[in-house]
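**Q** Numbering (numbering that gives the first Met the number 0), first residue to last: 0 to 276.
Let me give you the structure first, and then I'll get to my questions.
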Amino acid sequence: MRTTVMRGSLAVAGVIALVGGCRAGAVDSAGKQPPKADGSASPAPSDDAKRPDPSPSPTPSVRPAPPPKVLMARGASGAKVRELQARLRQIAWLFEGPNGRYGPATTKAVEGFQGKRGLPRTGNTDTVTWARLVKMTHTPTRDELYAAGGQPAAKPDPRCMTGRVVCISKTSRTLTWMIDGKALMTTDVRFGSQFTPTREGVFSMYWKSRHHVSTIYHTPMPYAMFFSGGQAVHYSADFAARGYVGASHGCVNVRDEGKIASLFAQVRTGDKVVVYW
Numbered sequence: 000m001r002t003t004v005m006r007g008s009l010a011v012a013g014v015i016a017l018v019g020g021c022r023a024g025a026v027d028s029a030g031k032q033p034p035k036a037d038g039s040a041s042p043a044p045s046d047d048a049k050r051p052d053p054s055p056s057p058t059p060s061v062r063p064a065p066p067p068k069v070l071m072a073r074g075a076s077g078a079k080v081r082e083l084q085a086r087l088r089q090i091a092w093l094f095e096g097p098n099g100r101y102g103p104a105t106t107k108a109v110e111g112f113q114g115k116r117g118l119p120r121t122g123n124t125d126t127v128t129w130a131r132l133v134k135m136t137h138t139p140t141r142d143e144l145y146a147a148g149g150q151p152a153a154k155p156d157p158r159c160m161t162g163r164v165v166c167i168s169k170t171s172r173t174l175t176w177m178i179d180g181k182a183l184m185t186t187d188v189r190f191g192s193q194f195t196p197t198r199e200g201v202f203s204m205y206w207k208s209r210h211h212v213s214t215i216y217h218t219p220m221p222y223a224m225f226f227s228g229g230q231a232v233h234y235s236a237d238f239a240a241r242g243y244v245g246a247s248h249g250c251v252n253v254r255d256e257g258k259i260a261s262l263f264a265q266v267r268t269g270d271k272v273v274v275y276w
């Protein structure tokens, strides 16, 4: 009788467990899962199942690369700007100067150069723009750096250091009016071509002609001061208009009319003229 009651109780408990869905979670008094119906042991829960899910690692933030350093920008001036302009002239992005001043024309030239190469069109010369430009060009010569003139006067020839002298340097393309070694005035000058070169040496001013016209070329030679045959120092409208694109027929051209007028008023016949490299 007792055996029958116990069996009945176990059967009822099994039905309750199945209905409640708790069979997989049933444990004995020691906290262990009972064996399966086929007699095999139930697997113990893994350590991972016991641990809470770890929180996801934060995605590291990526910092944008800093912009390239600006080397030159509008308003700058000096030798480096002059080099920039000379290099831009070599590849036909700039046609004026160089004058050593970073103005609107230089800014526009840099913008064009940058845009052509897919760089930001800032108009500023940064490290990336400068590196690309240097790679495409050569180191400017002295004449390229001063294609429009404005070179500092070269060191005076020793023959210029005494007396009244018109001291003319072919190296710096300058004329300096000197008295007893002191420079009183300097101006840009232009010389003859390879076919009509300006002679070098020491000469003497022998004739002045304020409104002279060439008897060979029939062109005006205002403020002409002759020092060697038909070669003279004089004002040139062509030099003033075209710069060093052209050349004289052997004369020393001056493009600053104010300075040549002042020089003409001061120079006397008999004053020394020195033309040198």
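For glycine and all other residues, C-beta sits at the position ideal for the given N, C-alpha and C.
#1: Going by CA-CA distance only, name the one from T161, T175, P151, T136 that's closest to I259.
#2: Going by Cα to Cα distance, which pick from G99, A223, F202, R88 is closest to V212?
#3: Looking at C-beta atoms only, is the number of pairs between the region 175-188 and the region 198-210 that lie closer than 8 Å three or more?
#4: Rank F226, K154, E143, V109 by C-alpha distance to the C-alpha of V127 and give the top, closest one.
#5: Below 6 Å CB to CB, which residues in the same chain sit around F226 once its five sequence neighbours on both sides are set aside?
#6: Nearest-angstrom Cα distance between F194 and M71?
#7: What's the C-alpha gap between E95 and S60?
#8: Can you give me the start and stop residues for the alpha helix (DSSP H) that S237 sits inside?
#9: Going by Cα to Cα distance, which pick from V164, A152, S192 is closest to T173?
#10: Of all the options P139, I178, K154, which has the alpha carbon lying nearest to the alpha carbon of V165?
#11: Buried or exposed: which applies to W129, given that a residue is buried once 16 or more other Cβ atoms fall within 10 Å of its Cβ?
#12: Quick one: does the C-beta of P63 sit closer than 7 Å to a heavy atom of the ligand PLP?
#13: Thinking C-beta only, is G191 closer than 8 Å to V249?
#14: Going along the chain, which residues of its own chain have a beta-carbon closer than 7 Å to the beta-carbon of L118, five neighbours each way excluded?
#15: For P103 and W206, what's the separation of their Cα atoms in angstroms?
#16: Return the residue from the list G269, G149, K134 that minimises the CA-CA distance to Y243.
#17: So, for D142: in the same chain, excluding its five sequence neighbours on each side, which residues have a beta-carbon less than 7 Å away from its beta-carbon?
#18: Quick check: V251 and V266, are their CB atoms within less than 8 Å of each other?
#19: Measure the C-alpha to C-alpha separation of R86 and H137 and round it to an integer number of angstroms.
#20: Counting along the chain, where does the alpha helix (DSSP H) carrying V80 start and finish?
#21: I need the straight-line Cα distance from K68 to D125, nearest angstrom please.
#22: Taking C-beta to C-beta, are L144 and P97 nearer than 8 Å?
#23: Which stretch, first to last residue, makes up the beta strand (DSSP E) that contains A108?
**A** In short:
#1: Looking at the Cα atoms, T175 is the closest of the given residues.
#2: Ranking G99, A223, F202, R88 by Cα distance to V212 puts A223 first.
#3: Because the criterion of three Cβ pairs below 8 Å is not met, the region 175-188 and the region 198-210 do not touch.
#4: With distances taken between Cα atoms, V127 lies closest to V109.
#5: F202, M204, V272.
#6: Between the C-alpha atoms of F194 and M71 there is a straight-line separation of about 41 Å.
#7: For E95 and S60, the gap between their C-alpha atoms comes out near 48 Å.
#8: Here the sequence assigns Asp to residue 237, which means Ser is not the residue at that position. Segment 236-241, the alpha helix (DSSP H) holding D237.
#9: Nearest C-alpha to T173: A152.
#10: Closest option to V165, judged by alpha-carbon separation, among P139, I178, K154: I178.
#11: Note on W129: 16 or more other CB atoms within 10 angstroms of its CB, so buried under the neighbour-count rule.
#12: The ligand PLP is absent from the structure shown, which contains no ligands of any kind.
#13: It should be noted that the sequence gives Gly, not Val, for residue 249. Yes, the pair counts as a contact, with Cβ atoms nearer than the cut-off.
#14: Around L118: V127, T128.
#15: Distance from the CA of P103 to the CA of W206, rounded to the nearest whole angstrom, comes to 45 Å.
#16: Comparing Cα-Cα distances from Y243 to each of G269, G149, K134, the minimum goes to G149.
#17: In the same chain as D142, and ignoring 5 residues on each side of it, no C-beta atom comes closer than 7 Å to its own.
#18: Not in contact: V251 and V266 (Cβ atoms no closer than 8 Å).
#19: Using only the alpha carbons, I get a separation of about 7 Å.
#20: V80 -> alpha helix (DSSP H) spans 78-89.
#21: Rounded to whole angstroms, K68 to D125 spans 5 Å at the Cα level.
#22: Yes, Cβ-Cβ distance for L144 and P97 is below 8 Å.
#23: Careful: A108 lies outside any beta strand (DSSP E), inside the alpha helix (DSSP H) at 103-115.
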